[in-house]
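Below is one structure; the comments refer to it alone.
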Amino acid sequence: MRLGSLAFFALFLPYVLLLHTRVFSRANARALALLALGLVFLGSRGPGTMAYIVGLTVFVCWAAQYVHRHRPRFWLATAAIVLAWAISRHFGDLGVSPSYITFFLLAYLTEVYWGRQTPVQNPGSFAAAAISPSHISAGPVPEPLHYLRDLRSPLSFDNVLVREALLRIMSGITKKAVGDAIYNWALVAKQFDPGGGGVPAWTLELARGARVYADFSGYADIAIGVGLLLGHRLPEDFRLPFLATSVSTYWRSWNASISRFFLHYVFTPMSLTLRHLPPWLAISAAAYTALLLSGLWHGFTWNQAVWGLLVGSIIVVEGGLRLQARLSAVPGGVFASWLLTFYLMCLARVFSLEDSLAEAWKIIGDLHSDFSWRPRLLRGLVVAALAITLPHLYDWWRSRRPQLHHSLWEWCAVMAALMFVFWFFSDAGMPFVYEGY
Amino acid sequence: MGISEKDIWQRMTGVFRQVLRQPDLIVEAGTTAWNVPGWDSIAHLQILLALEKEFSIQLEIHEVAGIDSAGELAAWIARKHKSE
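Residue numbers (my numbering), protein chains in the order written: chain A, 1152 to 1588; chain B, 7 to 90.
The following block contains the structure:
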């Protein structure tokens, strides 16, 4: 069962209605219901998956209580969690990414270690929170302090919230279908233009960017909508990254909850620990470490390491030179910094998405090779540019209008029509890209 | 020694303007990295270190790791001054 699939909603929507009845008004009953939903969701991926995730969650619940009393044991517990992640990620096939739950559990343990979070005593309540389908297999990683507090507060049926949740779910499903359609179209386009050259290479690169954005931000939308129906608000995971005017902002805007994890739990603590060193050295060491780890969680490959080091280098240089502030002070500078950011992140993405360095270098060579503007090629480039623009434009519009004043049914009709069109013309059975990490 | 809220904001604004090189920057409670160009992760750290020096307070990792906005920074400074 996949988040956003028909099977999931056939189970989930009646469940939500039941959850809002008086039977589940008490926090304990709600935790039990949430635990049951999580177990069913995990169980659909196999008993091994369920046993691993539940086992890890119960271990962290116990470890947090232990760390609360014996603070030096924090590092041992952290090492055990990371080791479990590494083994499951690279040697096991759980059918669900172990990374997102690991990020949540590490964040929770660190908050307990820092004394900002009281450890949850009941493993059942903790497991209920940790294995919620809204964020178990991908999507925004909840911030433990806010998330655990939200779950304790009473669940109320709020029309505005339900409307927002349904729209987020529908826009997520639509984006996913758009992403799949772009992927299929790009494959076909590739077959038509096997000769290489700058224009087809940029067409494919833009199409890949559009596909990954539509797919992943679509997943985040569904997860946020599902979370709202369950009574908690997950953090926004995409903050218009393609409009960023610096690589640092781009990195913080893409998969923002994970970037936030690396900022709060790796970059800031490490750079403050190293503050006896010259500032440039402390900041560079922390930035490279955070970005390298951020790359490597996608996979232990040279490509991901190069991605991390490349983005880390750009962030250190642009931060050191205060490039964004300088450029924004000159006429046309904002556009120039946006273009530069977009270009650099397209190049960086090549390393992240390709399987080998040789393939990545070949594509980067193609991106800078001969540009021949044949009309057919140009048409493809325009389609790819639209594909990358439209889902972003929708998110920009939504971010400008957080409160929707139109009738719910108007929006439902529009979204359902869009969803149907894209679903009908695309292969809706493809898995989400980030579930593989 | 006590410190007024007005004094905190005044000195904090000075630090922000100096680190971000934006002499006209207006710093309010809702000011975050998302609405100030140039307030990136590196600038954030430089701001923290500059505030530590400006207000002569000791910066603890667990206190500042989750701070995202100017309002939270001002509250943190006020808390530190009260406790030290």
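In this text, a Cβ means the ideal position worked out from N, Cα and C, and glycines have one as well. Computed from a predicted model, the values in this text were never measured in an experiment.
Local conformation of residue i per DSSP, three classes
{"i": "F1451/A", "result": "coil"}
{"i": "W1548/A", "result": "helix"}
{"i": "W1402/A", "result": "helix"}
{"i": "T1354/A", "result": "helix"}
{"i": "D1366/A", "result": "helix"}
{"i": "N1273/A", "result": "coil"}
{"i": "G1348/A", "result": "coil"}
{"i": "D13/B", "result": "helix"}
{"i": "E33/B", "result": "The question names Glu, yet the displayed sequence has Val at residue 33/B. Note: V33/B maps to coil in three-state DSSP."}
{"i": "D1372/A", "result": "helix"}
{"i": "Q28/B", "result": "coil"}
{"i": "V1233/A", "result": "helix"}
{"i": "Q64/B", "result": "coil"}
{"i": "P1526/A", "result": "helix"}
{"i": "D1517/A", "result": "helix"}
{"i": "D1603/A", "result": "Nothing about residue 1603/A can be read from this structure; chain A reaches only from 1152 to 1588."}
{"i": "V1247/A", "result": "coil"}
{"i": "A1336/A", "result": "Here the sequence assigns Trp to residue 1336/A, which means Ala is not the residue at that position. Reduced to three states, the DSSP call for W1336/A is helix."}
{"i": "R1384/A", "result": "coil"}
{"i": "R1426/A", "result": "coil"}
{"i": "S1435/A", "result": "helix"}
{"i": "G1531/A", "result": "helix"}
{"i": "W84/B", "result": "Going by the sequence as given, residue 84/B is Ala instead of Trp. Residue state, collapsed to three classes: helix."}
{"i": "A1215/A", "result": "helix"}
{"i": "H1221/A", "result": "coil"}
{"i": "P1542/A", "result": "helix"}
{"i": "R1153/A", "result": "coil"}
{"i": "A1395/A", "result": "coil"}
{"i": "G1378/A", "result": "helix"}
{"i": "G44/B", "result": "coil"}
{"i": "S1239/A", "result": "helix"}
According to DSSP, residues forming a beta bridge with residue i
{"i": "T38/B", "result": "S75/B"}
{"i": "F1160/A", "result": "According to DSSP, F1160/A bridges with nothing at all."}
{"i": "F1389/A", "result": "W1405/A"}
Exposure of residue i, with buried meaning 16 or more beta-carbon neighbours within 10 Å
{"i": "Y1298/A", "result": "buried"}
{"i": "I1238/A", "result": "exposed"}
{"i": "E66/B", "result": "exposed"}
{"i": "L79/B", "result": "buried"}
{"i": "T1269/A", "result": "exposed"}
{"i": "W1336/A", "result": "buried"}
{"i": "R1300/A", "result": "exposed"}
{"i": "D1578/A", "result": "With a pLDDT of 48 at D1578/A, under the threshold of 50, the modelled position of that residue is not reliable, and the figure given next carries that caveat. The residue in question, D1578/A, is exposed, as its Cβ has fewer than 16 Cβ neighbours within 10 Å."}
{"i": "L1602/A", "result": "Residue 1602/A lies beyond the range of chain A shown here (1152 to 1588); nothing can be said about it."}
{"i": "E34/B", "result": "exposed"}
{"i": "L1157/A", "result": "exposed"}
{"i": "Y1251/A", "result": "buried"}
{"i": "D1517/A", "result": "buried"}
{"i": "V1329/A", "result": "buried"}
{"i": "N1406/A", "result": "buried"}
{"i": "S1507/A", "result": "exposed"}
{"i": "W1402/A", "result": "buried"}
{"i": "P1429/A", "result": "exposed"}
{"i": "L1423/A", "result": "buried"}
Contact belief for residue i with residue j at Cβ below 8 angstroms, rounded distance in angstroms
{"i": "L4/B", "j": "R1181/A", "result": "Nothing in the structure corresponds to residue 4/B, since chain B is present only between 7 and 90."}
{"i": "P1284/A", "j": "V1209/A", "result": "Rounded, the Cβ-Cβ distance is 18 angstroms, inconsistent with contact."}
{"i": "V1533/A", "j": "L1380/A", "result": "Rounded, the Cβ-Cβ distance is 38 angstroms, inconsistent with contact."}
{"i": "F1159/A", "j": "I1287/A", "result": "About 12 angstroms; that fails the 8 angstroms criterion."}
{"i": "S1488/A", "j": "L1474/A", "result": "7 angstroms"}
{"i": "V1468/A", "j": "A1438/A", "result": "10 angstroms between Cβ atoms; not a contact."}
{"i": "G1459/A", "j": "W1431/A", "result": "About 19 angstroms separates the two Cβ atoms, so there is no contact after all."}
{"i": "P43/B", "j": "S1479/A", "result": "5 angstroms"}
{"i": "Y1259/A", "j": "V1218/A", "result": "Wrong, their Cβ atoms sit about 10 angstroms apart, outside the cutoff."}
{"i": "F1451/A", "j": "H1241/A", "result": "7 angstroms"}
{"i": "V21/B", "j": "I53/B", "result": "6 angstroms"}
{"i": "W40/B", "j": "R1390/A", "result": "7 angstroms"}
{"i": "L1306/A", "j": "G1382/A", "result": "4 angstroms"}
{"i": "L1495/A", "j": "I1465/A", "result": "6 angstroms"}
{"i": "G1616/A", "j": "D1372/A", "result": "Outside the shown range of chain A (1152 to 1588) lies residue 1616/A, about which nothing can therefore be said."}
Every unbroken alpha helix (DSSP H) within the region 1155–1204 of chain A, with a cutoff of 4 residues, ordered by chain: Every alpha helix (DSSP H) stretch that sits fully inside the region 1155–1204 of chain A and reaches 4 residues is listed by chain position as 1157–1170, 1178–1194.
Continuous alpha helix (DSSP H) assignments of at least 4 residues falling wholly in the region 1437–1515 of chain A: Every alpha helix (DSSP H) stretch that sits fully inside the region 1437–1515 of chain A and reaches 4 residues is listed by chain position as 1453–1472, 1474–1479, 1484–1504.
Entirely enclosed alpha helix (DSSP H) segments - the region 1259–1305 of chain A, minimum 4 residues: As summarised for the region 1259–1305 of chain A, the continuous alpha helix (DSSP H) elements at least 4 residues long and confined to that stretch are 1274–1281, 1295–1303, given in chain order.
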